[in-house]
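Presented below is the structure to which this report refers.
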Amino acid sequence: MTDKIYNAKDIESKWQNRWEETHAFKVDEKAKGEKYYLLEMLPYPSGRIHMGHVRNYTIGDVAARYRMMRGVKVLHPMGWDAFGMPAENAAIQRKVHPADWTYKNIDYMRGQMKRLGFSYDWEREFATCDSSYYKWEQLIFTRMFEKGWVYKKTSQINWCPSCKTVLANEQVSAGCCWRCDSGVEMKSMSQWYFRITDYAEELLIDIDDKLQGWPERVKTMQREWIGKSHGANIDFPIEGSDQKIQIFTTRPDTLFGVTFMSLAWEHPLVKEFAKKNGKEKEVEAFIEKSSKIDHKARLEDTYEKDGVFTGAYCLNPLTGDKVPVYAANFVLMEYGTGAVMAVPGHDQRDFEFAKKYNLPIKIVIQPIDEALDPSTMDGAWEGAGTMINSGEFDGLKNKDGIKAVSEHLKKNKLGGSTVTYRLKDWCLSRQRYWGTPIPIIHCDKCGAVPVPEKELPVELPHDVEFTGVGGSPLSRVASFVDTDCPKCGSAGKRETDTMDTFVESSWYMLRYACPRYDKAPVDPKMMKYWLPIDQYIGGIEHAVGHLIYFRYFTKVMRDLGMHDLDEPCKNLMTQGMVYKDGAKMSKSKGNVVDPDDMIAKYGADTMRLFSLFAAPPEKDLEWNDKGVEGSHRFLLRVWRLVMDHLDIDGETKESPEAARWRNKTVKKVTEDIERFHFNTAIAAVMEYVNYLYGVGVEKIDRLAVETLVLLISPLAPHAAEELWEKLGNGESILGKSWPTFDEAMIASDTLTIVVQVNGKVRERLDIPADMSDEDVKQSALSNERVISFMEGKEPRKVIVIPKKLVNIVL
RNA sequence: GCCGGAGUGGCGGAAUGGCAGACGCAGCAGACUCAAAAUCUGCCGAGGUUUAUCCCUUGUGCCGGUUCGAGUCCGGCCUCCGGCACCA
Numbered sequence: 031m032t033d034k035i036y037n038a039k040d041i042e043s044k045w046q047n048r049w050e051e052t053h054a055f056k057v058d059e060k061a062k063g064e065k066y067y068l069l070e071m072l073p074y075p076s077g078r079i080h081m082g083h084v085r086n087y088t089i090g091d092v093a094a095r096y097r098m099m100r101g102v103k104v105l106h107p108m109g110w111d112a113f114g115m116p117a118e119n120a121a122i123q124r125k126v127h128p129a130d131w132t133y134k135n136i137d138y139m140r141g142q143m144k145r146l147g148f149s150y151d152w153e154r155e156f157a158t159c160d161s162s163y164y165k166w167e168q169l170i171f172t173r174m175f176e177k178g179w180v181y182k183k184t185s186q187i188n189w190c191p192s193c194k195t196v197l198a199n200e201q202v203s204a205g206c207c208w209r210c211d212s213g214v215e216m217k218s219m220s221q222w223y224f225r226i227t228d229y230a231e232e233l234l235i236d237i238d239d240k241l242q243g244w245p246e247r248v249k250t251m252q253r254e255w256i257g258k259s260h261g262a263n264i265d266f267p268i269e270g271s272d273q274k275i276q277i278f279t280t281r282p283d284t285l286f287g288v289t290f291m292s293l294a295w296e297h298p299l300v301k302e303f304a305k306k307n308g309k310e311k312e313v314e315a316f317i318e319k320s321s322k323i324d325h326k327a328r329l330e331d332t333y334e335k336d337g338v339f340t341g342a343y344c345l346n347p348l349t350g351d352k353v354p355v356y357a358a359n360f361v362l363m364e365y366g367t368g369a370v371m372a373v374p375g376h377d378q379r380d381f382e383f384a385k386k387y388n389l390p391i392k393i394v395i396q397p398i399d400e401a402l403d404p405s406t407m408d409g410a411w412e413g414a415g416t417m418i419n420s421g422e423f424d425g426l427k428n429k430d431g432i433k434a435v436s437e438h439l440k441k442n443k444l445g446g447s448t449v450t451y452r453l454k455d456w457c458l459s460r461q462r463y464w465g466t467p468i469p470i471i472h473c474d475k476c477g478a479v480p481v482p483e484k485e486l487p488v489e490l491p492h493d494v495e496f497t498g499v500g501g502s503p504l505s506r507v508a509s510f511v512d513t514d515c516p517k518c519g520s521a522g523k524r525e526t527d528t529m530d531t532f533v534e535s536s537w538y539m540l541r542y543a544c545p546r547y548d549k550a551p552v553d554p555k556m557m558k559y560w561l562p563i564d565q566y567i568g569g570i571e572h573a574v575g576h577l578i579y580f581r582y583f584t585k586v587m588r589d590l591g592m593h594d595l596d597e598p599c600k601n602l603m604t605q606g607m608v609y610k611d612g613a614k615m616s617k618s619k620g621n622v623v624d625p626d627d628m629i630a631k632y633g634a635d636t637m638r639l640f641s642l643f644a645a646p647p648e649k650d651l652e653w654n655d656k657g658v659e660g661s662h663r664f665l666l667r668v669w670r671l672v673m674d675h676l677d678i679d680g681e682t683k684e685s686p687e688a689a690r691w692r693n694k695t696v697k698k699v700t701e702d703i704e705r706f707h708f709n710t711a712i713a714a715v716m717e718y719v720n721y722l723y724g725v726g727v728e729k730i731d732r733l734a735v736e737t738l739v740l741l742i743s744p745l746a747p748h749a750a751e752e753l754w755e756k757l758g759n760g761e762s763i764l765g766k767s768w769p770t771f772d773e774a775m776i777a778s779d780t781l782t783i784v785v786q787v788n789g790k791v792r793e794r795l796d797i798p799a800d801m802s803d804e805d806v807k808q809s810a811l812s813n814e815r816v817i818s819f820m821e822g823k824e825p826r827k828v829i830v831i832p833k834k835l836v837n838i839v840l
């Protein structure tokens, strides 16, 4: 009987077709039941699905199918994060148009996903490179522009020489480009920025208030990335001028210990001072040298710390002391005010700098049990202590001094408490073709003018030459560039940079609530219905990039009046990476396992089972070909067991033991799926199968077999559907409800109690479940083996844990 | 340097403070077979003692502590992984 053989290929395509024909995963807001929005991070359509995708999407699929079986309305969409560099590189190298390359990849990968049996509502699919999608992104941009939430400025920026485009801070990892790993250079360029720093405080506060369902690890990373620090701004008057230098410090208590001032080389006052004081030559040389320190060298600390005297002096606002102003290469223009008051007695960097340039060291914080002497110190004292040499503040604990000095400054209009964030504005422009065009027209008279809504989308022109050199490809397309100013009608030029692709993924989760809505980016009604995301699943690598951006965009769109949601996602799960032979799968290492090969060899269900069983979702997974075979073997075991029982009638002849096993297994699998412990859920089903084989073929009833099939259906949906049908059930298993369990039936008549003597297990007693604790204690104490281990001693204490254990302490 | 997370058999991994190693992989032995594969059964941390399938000791990175009882809680280290890092 060929029918008895498990033929994954035929079964899987049969059910995939069936699901498609019946629109099995189409979700209808009008149907009954509670809603659940399950989203996995979109893939980039690189050409083929890889094992990381398989794992990510299988985890999501189990969660989705399980809830569907519980009668929950699950919104489970899929689409494509489709703009990006690889498409453009393909165009440069192989003369394929990025659009053709991308849509072809999408078609192939959609097919792969269907062959994996994922329960997506394909009717909601979109690609972010569809102009019907990015049109709305352009609208959001213009609205932000009108509010002043996006702006253009010239500054030092990360530049990837290989990708030939600028990068956001979040796209630089260890000084290298996130995409191609080239060393990132610093360049001064005029770029577009989102004013994300305006939201720094809300992004920070909401981590604690609204992200209870997020992993602590991700939340910590976001807090650090935002990097709030409390301190004070202090104005230092410049000698012989009305100007002031404003500095930021977290240690206003050390203000009396300032002996010099350090400015970043880019600080506007540096050149001014040099000119005024005839120091241009030295300062220019210093700027030239400092500007060459790239991101990587800064991180690795491979450059020498140095500085140059600018010739200027400023005055300590409290003491009136005259202090020299230096430019120093370790001061960052992007943090605080780009200027630092130097306190060598109490800051290690300033200490080293002072030693190198022979600057005075002044002690203003005295530790409790040690007298500091500037002439013998070999490092700064950065710890706590009592303020000295600080005028009216002498004697204060320095912790109190921070507040006291700040208040004093404020009262005298010399500065005051402030907070600073490490988070910087998001540089969004890219000098590439394959991205959303920035909808701005530059006009000589009107400046930067947003494209009016009725003219959106600004579509990417198709006929473009891809050379890989010479700036934005769009800048060479005259028919795109030349246009009229929407405001005054005179000749204008279109912006030719495109948006960072992280912009598309910053709001797609909202669009899925209403993917075809044509009046605005989102339909507030549908948004209110589906959002926030109940469960989001993706890689940990997006902890500070995408996962901050999509929170930011949600808040921006809220403040533009498009909806009223504060946070896009309630629960986040970050899955581990897939490894093989101890290394991340990659073509260059030659350790890639292709999902297509696995489907051809074992079928999708086997691959799904293995990727769920081999490790808990949040941990890294080591691919193991033998393990895959083990998962396949398990599926065959289930298949055979069910096939041997197709004809059993519905009469229940379930023994108490069989009932216990069934209820226990349902309970365990249900609870484990709820908490994403799929590996132990599968282990529980395996145990159940082992039990059923153990009791013998003739003793198994229909209830057991059907329960088994239902339990595996979120995990191995194709095999489950086929077995369900073969068992004579007409409708799809999808319409069938998840099995329930009865706690009372899990309880057994007898229990095994562990008896310990001095904490060591010495005996196991089988007792009736309803035996009293006192009786349990007595039967333990009268047990022969137990007595022999008591060595004739009287127990000092006997601990009885009901239904579990007796510990006799001698 | 700072902040997280982890460390359990040959391997992946299980264990609300209560029998450490579920389940699987690999391995070993056996059954079936002419044989092999598949399948099924048993064993499978280390050491010792018996070799009856009994039993004992020891064992969850290291050192202490709390507890009748610690893989689990607390303190101090070590190692690995991740994040941040001249942030004033």
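Using the working numbering, the first residue of the first sequence is number 31, and each one after it goes up by one. Just so it is clear, CB atoms sit at the ideal spot from N, CA and C, and this is done for glycine as well.
Query raised in the report: Among the residues of its own chain, which have a CB less than 7 Å from the CB of isoleucine 563, if the five just before and after it don't count?
Result: Position 533 of the first sequence, counting from 1, holds the residue named residue 563. Excluding positions up to five away in sequence, the list reads Tyr67, Leu69, Met539, Pro598, Cys599, Lys600.
Query raised in the report: With distances taken between CB atoms, is the gap from leucine 439 to glycine 431 smaller than 8 Å?
Result: Numbered from its first residue, the first sequence carries residue 439 at position 409. Numbered from its first residue, the first sequence carries residue 431 at position 401. No.
Requested in this report: Could you tell me the distance, in whole angstroms, from the CA atom of glutamate 215 to the CA atom of aspartate 635?
Outcome: Working through the first sequence from its first residue, we reach residue 215 at position 185. Working through the first sequence from its first residue, we reach residue 635 at position 605. Cα to Cα, the separation comes out at about 47 Å.
Query raised in the report: Pick from Thr88, Glu485, Leu72, Met557: whose alpha carbon is nearest that of histidine 891?
Result: With the chain covering 31 to 840 only, the question about residue 891 has no answer from this structure.
Report task. Enumerate in chain order the residues of its own chain whose CB-to-CB distance from methionine 775 is below 6 Å, with the five nearest sequence positions on each side excluded. Result -> By one-based count along the first sequence, residue 775 stands at place 745. Closer than 6 Å at the Cβ level, and outside the excluded window around methionine 775, lie Ala689, Asn693.
Query raised in the report: Within 10 angstroms of its Cβ, does glycine 568 collect 16 or more other Cβ (buried), or is it exposed?
Result: The residue you call residue 568 lines up with position 538 of the first sequence. So glycine 568 counts as buried.
Query raised in the report: What is the DSSP secondary structure of glutamate 50, counted as helix, strand or coil?
Result: Sequence index remark: in the first sequence, residue 50 carries index 20 (1-based). Helix.
**Report entry** Nearest neighbour of lysine 177, chosen from Gly591, Gly522, Phe643, Lys649 [CA to CA]
**Finding:** Counted from its first residue, the first sequence places residue 177 at position 147. The shortest Cα separation from lysine 177 among Gly591, Gly522, Phe643, Lys649 belongs to Gly591.
**Report entry** At least three beta-carbon pairs within less than 8 Å, the stretch 105 to 122 to the stretch 452 to 464
**Finding:** yes
Query raised in the report: Do lysine 335 and asparagine 307 have their C-beta atoms closer together than 8 Å?
Result: As a position in the first sequence, residue 335 is number 305, starting the count at 1. As a position in the first sequence, residue 307 is number 277, starting the count at 1. No, the Cβ-Cβ distance between lysine 335 and asparagine 307 is not below 8 Å.
Report task. For isoleucine 41, I'd like the list of residues in its chain whose CB is within less than 7 Å of its CB, leaving aside the five on either flank, ordered along the chain. Result -> Mapped onto the first sequence, residue 41 falls at position 11. Only His748, Ala749, Glu752 meet the Cβ criterion.
Report task. Using beta-carbon positions only, say whether arginine 225 and valine 196 come within less than 8 Å of one another. Result -> Stepping through the first sequence from its first residue, residue 225 is reached at position 195. Stepping through the first sequence from its first residue, residue 196 is reached at position 166. No, these two residues do not count as a Cβ contact at 8 Å.
**Report entry** alanine 117 versus phenylalanine 583: straight-line alpha-carbon distance, rounded
**Finding:** What you label residue 117 is simply residue 87 of the first sequence in a count that begins at 1. What you label residue 583 is simply residue 553 of the first sequence in a count that begins at 1. Distance between the alpha carbons of alanine 117 and phenylalanine 583 is about 26 Å.
Query raised in the report: If you run the structure through DSSP and keep just helix, strand and coil, what is threonine 250?
Result: By one-based count along the first sequence, residue 250 stands at place 220. Three-state DSSP puts threonine 250 in a helix.
Report task. Would you tell me roughly how many angstroms separate the C-alpha atoms of arginine 541 and histidine 53, rounded to the nearest one? Result -> Working through the first sequence from its first residue, we reach residue 541 at position 511. Working through the first sequence from its first residue, we reach residue 53 at position 23. Near 21 Å, if we compare the C-alpha coordinates of histidine 53 and arginine 541.
Query raised in the report: Alpha carbon to alpha carbon, what distance is there between methionine 820 and serine 812?
Result: Taking the first sequence and counting its residues from 1, one reaches residue 812 at position 782. Taking the first sequence and counting its residues from 1, one reaches residue 820 at position 790. Each residue's Cα considered, the two are about 11 Å apart.
Requested in this report: Could you give the DSSP three-state label for leucine 472: helix, strand or coil?
Outcome: Against the first sequence, residue 472 aligns to sequence position 442. Here the sequence assigns histidine to residue 472, which means leucine is not the residue at that position. Residue state, collapsed to three classes: strand.
**Report entry** Cβ-Cβ distance between aspartate 58 and serine 149 below 8 Å
**Finding:** Reading the first sequence from its first residue, position 28 is the one you call residue 58. Reading the first sequence from its first residue, position 119 is the one you call residue 149. Cβ distance not < 8 Å, so aspartate 58 and serine 149 don't count as in contact.
**Report entry** Alpha carbon of valine 696 to alpha carbon of leucine 764, nearest angstrom
**Finding:** Taking the first residue of the first sequence as position 1, residue 696 is located at position 666. Taking the first residue of the first sequence as position 1, residue 764 is located at position 734. Each residue's alpha carbon lies about 17 Å from the other.
Requested in this report: Taking only the alpha-carbon atoms, compute the straight-line gap between valine 288 and lysine 392 and give it to the nearest angstrom.
Outcome: Mapped onto the first sequence, residue 288 falls at position 258. Mapped onto the first sequence, residue 392 falls at position 362. Each residue's alpha carbon lies about 7 Å from the other.
Query raised in the report: Where are the beta strand (DSSP E) runs, 3 residues long or more, that stay fully inside the stretch 524 to 573, in chain order?
Result: 565 to 569
Requested in this report: In the DSSP assignment, find the beta strand (DSSP E) that holds glycine 337 and state where it starts and stops.
Outcome: Start at 1 with the first residue of the first sequence, and residue 337 comes out as number 307. Taken as a continuous stretch (DSSP letters only), the beta strand (DSSP E) holding glycine 337 covers 337 to 345.
Query - Neighbourhood of isoleucine 712 by C-beta, 7 Å cutoff - its chain only, sequence neighbours within 5 removed - result: Working through the first sequence from its first residue, we reach residue 712 at position 682. Leu639, Leu642, Phe643, Leu745.
Query raised in the report: Could you give the residue range of the beta strand (DSSP E) that holds arginine 462?
Result: For this step, residue 462 is matched to residue 432 along the first sequence. Here arginine 462 belongs to no beta strand (DSSP E), and DSSP marks it neither H nor E.
Requested in this report: Tell me whether the beta-carbon of glutamate 296 lies closer than 8 Å to the beta-carbon of alanine 304.
Outcome: Start at 1 with the first residue of the first sequence, and residue 296 comes out as number 266. Start at 1 with the first residue of the first sequence, and residue 304 comes out as number 274. Going by C-beta atoms, glutamate 296 is not nearer than 8 Å to alanine 304.
Requested in this report: For methionine 31, count neighbouring Cβ atoms within 10 angstroms of its own Cβ and tell me buried if that reaches 16, exposed if not.
Outcome: Looking up residue 31 in the first sequence gives position 1. The pLDDT assigned to methionine 31 is 40, lower than 50, so where the model puts this residue is not dependable, and the model offers no usable value.
Query raised in the report: Can you round the beta-carbon distance between glutamine 46 and arginine 140 to whole angstroms, since I take them to be within the 8 Å contact cut?
Result: Position 16 of the first sequence, counted from the start, is the residue given in the question as residue 46. Position 110 of the first sequence, counted from the start, is the residue given in the question as residue 140. Actually they do not touch by this definition, with Cβ atoms about 12 Å apart.
Query raised in the report: Near lysine 249, what residues of its chain come up, given a Cβ to Cβ distance below 7 Å and the 5 sequence neighbours on each side ignored?
Result: The residue labelled residue 249 in the question sits at position 219 within the first sequence. So the qualifying residues of the chain are Ile237, Leu241.
Query - Strand pairing of arginine 794, partner residues [DSSP] - result: Position 764 of the first sequence, counted from the first residue, corresponds to residue 794. Beta-bridge pairing links arginine 794 to Val784.
Query - Inter-residue CB distance, histidine 576 and phenylalanine 532 (contact presumed, cutoff 8 Å) - result: Reading the first sequence from its first residue, position 546 is the one you call residue 576. Reading the first sequence from its first residue, position 502 is the one you call residue 532. Contact holds; Cβ gap of about 6 Å.
Query raised in the report: Helix or strand or just coil, what does DSSP make of glycine 724?
Result: Counted from its first residue, the first sequence places residue 724 at position 694. DSSP places glycine 724 in helix when its eight states are reduced to three.
Query - Distance between phenylalanine 580 and proline 545 (C-alpha atoms, nearest Å) - result: The residue you call residue 545 lines up with position 515 of the first sequence. The residue you call residue 580 lines up with position 550 of the first sequence. Proline 545 and phenylalanine 580: Cα-Cα distance of roughly 17 Å.
Query - Other residues of its chain near leucine 105: CB distance less than 6 Å, five sequence neighbours each side excluded - result: The residue labelled residue 105 in the question sits at position 75 within the first sequence. If we look at leucine 105 and ignore the five residues flanking it on each side, its Cβ neighbours are Val57, Tyr67, Trp560.
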